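**Q** Next up is a structure, given as structure tokens.
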Amino acid sequence: MSSRKKTLLKVIILGDSGVGKTSLMQQFVNNKFSHQYKATIGADFLTKEIIIDNNKPVTLQIWDTAGQERFQSLGVAFYRGADCCVLCFDVTNEKSLNNLTSWKDEFLVQSNVSNPQDFPFIIIGNKIDVDDSKKIPSLQKKLHNITHNQLGGLNYPVFETSAKDSINVEAAFEVIAKMALQQEELNAASGGDVNDDYNDAINIHLDGESSGCGC
Amino acid sequence: MSNGFRARLGSISTIQSARSLFPTTTVEPTTAVTFTNVEPNLIGTESTYTPSVTDSEGFLANSGLLTDDEVSDYFQQPDEDLSEMLTDLIRHTPEEPTSAKQSFLDVNIFPNPYDLDEEEFYKRHIEISKEDELFHDKLKQFFILSNAGKPIYSMNGSDEIIIGYMGVITTIISTFEENMNEEIYSISVGDMKIVALNKSPLILVSISKIAHEQPNVLLSQLNMLYNYLLSIISKPTIDRNFHNKLNYDLRRILTQLDFHNLDCLCMKMTYGLTSYDSFNYYISQLLNASLQQIKISYTARQRLNKILLDSKRMRQNSDDKETDLGADLLFSILSVNSKIVSFMKPKNHNLTNQDLTLLFSIINSSKSDISNDETSEDMWFPICMPNFNPNGFLYVFVKTIILQTTPVTITLLSSNKNSFYQIRQISNYIIHKLTKPKMLSKLTKELHESNTLAILREVPISHFIYKNKALNQFVMSDTDNSVNSVLQLSYFYNTLYHTKASQMKTIGSLNIKKFSYTRWTVDEAVITGFMLSDNNYEFYCLCNYQINSKELIGHCIKVIKWCEKNYNRLFIGNGVSFT
Ligand SMILES: Nc1nc2c(ncn2[C@@H]2O[C@H](COP(=O)(O)OP(=O)(O)O)[C@@H](O)[C@H]2O)c(=O)[nH]1
Ligand SMILES: [Mg+2]
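Line order of the protein sequences matches chains D and F.
Numbering follows full-length UniProt numbering, with no gaps: position 187 of the first sequence is 187.
Numbering follows full-length UniProt numbering, with no gaps: position 244 of the second sequence is 244.
Structure (structure tokens):
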């Protein structure tokens, strides 16, 4: 009975400043790469429609920071009600890799999601186009340590991308969208929407004192 | 848009000479005369005031506008004199309304940067469009979103274009929220007003480029949209859906009908368009959720009230068991085109005017087309009346029957979800009574005549509104529902309503009279708007030519007296109560 519209998913992209978050989003949405982006308010938004499993259209509302991640002040609205989260690091910057765990923690604290263990995350290692000599030494091993660390718990799909050369960007966003959609469908199935709840009948005592009505 | 654009402006017509669409004359209201700074005893000095177009102390004594004293004079006459005056006035033969096709564009209600004709203008700037192409051209925007930034409803534009804006709005609002926890935000940027209402987990936003729409009006529009959502899904349902799920997409539980209803509400609130009851709705909201009335004889109303009371007491015997059919019935309403003819309520409870207008609004937009049919189908649906109780549902039974040509709607509100069959029997009883030959002929005759208020044949006033303040109910002349008329009337009344009123000198009276006066000049044509109020009533009228102030007041008083005399015929008052 509900008008099953396209599912709308709020995607947020987190990671250290300079890892290429804005570039990834631009590449994904506009197929463009430029060396300069600027945003004027606390966040920047782009929309992209994709089809999942050949027949499920979803609209992605992608939230990008305006660079203030440097100061760790993204505000509650940024995190509130996210459907999935993309954690980014730069394959040439080891510190950005080590910070992934704190980005995830920050997200969970701020967003207040109800089931953190089921929440859809992916990890993106960006800038794979750069010369191997500049990349983090033994990246795969370090990455493995982070994603398989029992305590850190970043056991998420990893994508190595280049926003510059458009490598793997689309694939990464499709996977996160698919994960988010699955989660959404699970939520809908269990408990689902409260909408046929017209049983909150009003108890009126016609002969007594005013009650039941707020007037 | 059944009435078309070329339809003549029914009530307010003015001579229009051949000219371009862009009149050279300004149509700024020749701002109201106000006397707030004038010493009350400055008798005789009025002629020395110089014309002023600001709301300062001046007034246009030499151009036929009212003076404080002129108005006061009228109210210090003993009643005998008054009746004499009125006889004079009756002799006045109203001038034929000049037939012309004054366009709303000529009144400069809206800026017309592309110099479009009426139809083009409507399509580009007014009409709701979910295409992105014209999104930025629209004069009005409404958005409803979750505080996660997910869109729920947008008056114009597609998801594609609005999703970005939703993000921006949420971010800005939450910045304010963190700092001051306010519920309302309002800013003006140039000629654009933005008002946001934070009803966490929902945010409602209105953006208007319409000069005469004030922020407080935008705010009440947002409250109306919010109340609509509450009425169909109730506050607890909203809260339960968002509980632990801030990413919840409320669109999942809204239907196509809801989106359609929201579209209708947006057009009604902003322009008084586009269905037959929209202009009435606009005026009702302008007058603070006042309820529009319909004229009917006192005895007829008494009889209708009795039918409602009797139906409430209906009993049924079956299998030696007596059932009280009306046990769950709370409110019964008989109405004609959203105007209440008869109303029954419990002694200790009532529905506010806001709830009633919302109810009518929903009934109208869900009504199937019954114009060719004798009766409509039975409707039965849950509704939450937000002022009555935001936490629960009432169940509404609606049926419209056509008496000759007049559609009479029976609306019955029950507190019990499972009382459909009982309530339908009550409705059948009411229909049975209404269609008894004697009742039918009396009622149809009366309802037919009520369409035009007789008083208007006697005065040269083209349109008026009379509101009883204590009841918050009003009567109004008929309006042709063409886009052109509605846009102009809503603009004129809006301006008149918001024009600062001046207080009249009344000696030794606690009943303070106020008035304001506004004039629009469109080329050679003049439209006069006049407001008069005291503790008991508010009266607004429009006159389609330049009229001598003394005469105008006289005519107004005549209409006011007529309304007072017909109090029992014009107003349902508090309806009837059962105990
Ligand atoms: N070589 C290379 N440079 C990139 C890539 N993605 C981003 N950059 C550059 O990295 C810098 C920071 O990118 P930006 O998207 O602003 O990062 P943000 O701060 O995370 O949003 C810019 O100079 C980009 O041109 C990539 O895939 N390859
Ligand atoms: Mg950036």
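Glycine residues also receive a C-beta, built at the ideal position from the N, C-alpha and C atoms.
All of these numbers come straight from a predicted model, not from anything done at the bench.
Buried or exposed, going by whether 16 or more other CB atoms sit within 10 Å of the CB of Asn55 of chain D?
**A** Looking at its Cβ environment, which holds fewer than 16 other Cβ atoms inside 10 Å, Asn55 of chain D is exposed.
**Q** So, under 8 Å CB-CB, Asn568 of chain F and Tyr298 of chain F are touching, yes? Tell me the CB distance rounded to an integer number of Å.
**A** Going by Cβ atoms, the distance from Asn568 of chain F to Tyr298 of chain F rounds to 4 Å, so yes, they are a contact pair.
**Q** Buried or exposed, going by whether 16 or more other CB atoms sit within 10 Å of the CB of Leu254 of chain F?
**A** So Leu254 of chain F counts as buried.
**Q** To which residues of the same chain is Asp79 of chain F closer than 6 Å at the C-beta, ignoring the five residues directly before and after it?
**A** Unreliable positioning characterises Asp79 of chain F in this predicted model, as indicated by a pLDDT of 44, which lies under 50. A coordinate reading is not provided.
**Q** Tell me the rounded alpha-carbon separation between Thr7 of chain D and Leu139 of chain D.
**A** Thr7 of chain D and Leu139 of chain D: Cα-Cα distance of roughly 36 Å.
**Q** So is Gly157 of chain F buried or exposed if we call it buried at 16+ other beta carbons inside 10 Å?
**A** So Gly157 of chain F counts as buried.
**Q** Can you give me the start and stop residues for the alpha helix (DSSP H) that Thr352 of chain F sits inside?
**A** No alpha helix (DSSP H) holds Thr352 of chain F; DSSP gives it neither H nor E.
**Q** Given that a residue counts as buried once 16 or more other Cβ atoms are within 10 Å of its Cβ, and exposed if not, what is Ile512 of chain F?
**A** Exposed is the call here.
**Q** DSSP on Gly20 of chain D, reduced to helix/strand/coil?
**A** Looking at Gly20 of chain D - three-state DSSP - the assignment turns out to be coil, as it is neither helix nor strand.
**Q** Whose Cβ in chain B lies nearer than 8 Å to the Cβ of Ser114 of chain D?
**A** Absent from the structure: chain B. Protein chains present are D and F.
**Q** Okay, do the segment 314 to 323 of chain F and the segment 416 to 431 of chain F touch, 3+ Cβ pairs below 8 Å being the bar?
**A** Touching, per the Cβ criterion.
**Q** Please go through the same chain and pick out, in chain order, the residues whose beta-carbon is closer than 8 Å to the beta-carbon of Lys142 of chain D, but skip the five residues on each side of it.
**A** So the list reads Glu94, Leu97 and Ile136, once near-sequence residues are dropped.
**Q** Does chain F have any CB closer than 8 Å to the CB of Val76 of chain D?
**A** It does: the Cβ of Val76 of chain D has a partner Cβ on chain F nearer than 8 Å.
**Q** Measure the alpha-carbon distance for Asp478 of chain F versus Val486 of chain F and round it to whole angstroms.
**A** About 11 Å.
**Q** Just the Cα atoms here: how many angstroms apart are Asn548 of chain F and Thr521 of chain F?
**A** Cα to Cα, Asn548 of chain F sits roughly 16 Å from Thr521 of chain F.
**Q** Relative to the C-alpha of Val459 of chain F, which candidate in F:Tyr248, F:Leu542, F:Lys306 and F:Gln488 has its C-alpha closest?
**A** When each option's Cα is compared against that of Val459 of chain F, the closest is F:Leu542.
**Q** Closest to Asn418 of chain F by C-alpha separation, out of F:Leu394, F:Lys438 and F:Ile402, would be which residue?
**A** Comparing Cα positions, the closest option is F:Leu394.
**Q** Tell me whether Gly15 of chain D is buried or exposed, calling it buried when 16 or more other Cβ atoms sit within 10 Å of its Cβ.
**A** Gly15 of chain D comes out buried.
**Q** Ligand 3 heavy atoms versus the CB of Ser188 of chain F: any closer than 7 Å?
**A** Of the ligands this structure carries, namely ligand 1 and ligand 2, none is ligand 3.
**Q** Which same chain residues, not among the five before or five after Lys235 of chain F, have their C-beta less than 7 Å away from its C-beta?
**A** Around Lys235 of chain F: Pro390 and Asn391.
**Q** Let me make sure I understand the geometry here. Which of F:Tyr114, F:Gly529 and F:Ser482 has the alpha-carbon closest to that of Ser275 of chain F?
**A** When each option's Cα is compared against that of Ser275 of chain F, the closest is F:Ser482.
**Q** Of the choices F:Glu524, F:Phe104, F:Ile307 and F:Ser342, whose alpha-carbon is the least far from that of Lys433 of chain F?
**A** The candidate whose alpha carbon is nearest that of Lys433 of chain F is F:Ile307.
**Q** Buried or exposed, going by whether 16 or more other CB atoms sit within 10 Å of the CB of Asp106 of chain F?
**A** Flag for Asp106 of chain F reads buried.
**Q** Relative to the C-alpha of Lys193 of chain F, which candidate in F:Ala211, F:Tyr540 and F:Arg251 has its C-alpha closest?
**A** Nearest of F:Ala211, F:Tyr540 and F:Arg251 to Lys193 of chain F, Cα basis: F:Ala211.
**Q** Note down the Cα distance separating Glu322 of chain F from Gln292 of chain F, rounded to an integer number of angstroms.
**A** Using only the alpha carbons, I get a separation of about 39 Å.
**Q** For Asn241 of chain F, which residues of its own chain have a beta-carbon under 6 Å away from its beta-carbon, when the five flanking residues on both sides are left out?
**A** The residues are Tyr248.
**Q** Report back the beta-carbon spacing between Asn147 of chain F and Pro201 of chain F to the nearest angstrom; my notes put them in contact at under 8 Å.
**A** Asn147 of chain F to Pro201 of chain F, Cβ: 5 Å. Contact.
**Q** Can you list, in chain order, the residues of its chain whose CB lies under 8 Å from that of Leu358 of chain F, leaving out five sequence neighbours each side?
**A** Excluding positions up to five away in sequence, the list reads Met224, Asn227, Tyr228, Ser231, Met385 and Pro386.
**Q** Beta-carbon within less than 7 Å of Asn222 of chain F's beta-carbon, same chain only, minus the 5 sequence neighbours each way: which residues are those?
**A** It is worth fixing the name first, because residue 222 of chain F is Leu in this sequence and not Asn. Answer for Leu222 of chain F: Val195, Leu197, Leu204 and Ser206, listed in chain order.
**Q** By how many angstroms is the C-alpha of Ile126 of chain F removed from the C-alpha of Phe578 of chain F?
**A** Approximately 46 Å between the Cα atoms of the pair.
**Q** Take every Cβ of the segment 114 to 123 of chain D, pair it with every Cβ of the segment 173 to 186 of chain D, and state whether three or more of those distances are shorter than 8 Å.
**A** Judged by Cβ distances under 8 Å, the segment 114 to 123 of chain D makes contact with the segment 173 to 186 of chain D, as three or more pairs qualify.
**Q** Helix, strand or coil for Ile167 of chain D per DSSP?
**A** In the structure shown, Ile167 of chain D sits in a strand (DSSP, three-state: E or B).
**Q** Counting contacts by CB-CB distance shorter than 8 Å, is Lys10 of chain D in contact with chain F?
**A** Yes - at least one Cβ of chain F is within 8 Å of the one on Lys10 of chain D.
**Q** Would you tell me roughly how many angstroms separate the C-alpha atoms of Pro157 of chain D and Ile152 of chain F, rounded to the nearest one?
**A** Each residue's Cα considered, the two are about 31 Å apart.
**Q** What do you get for Leu403 of chain F, buried or exposed, if any count of 16 or more other CB atoms within 10 angstroms of its CB means buried?
**A** Buried, because 16 or more other Cβ atoms sit within 10 Å of the Cβ of Leu403 of chain F.
**Q** State the beta-bridge partners of Gln293 of chain F as determined by DSSP.
**A** In DSSP, Gln293 of chain F forms a bridge with F:Ile340.
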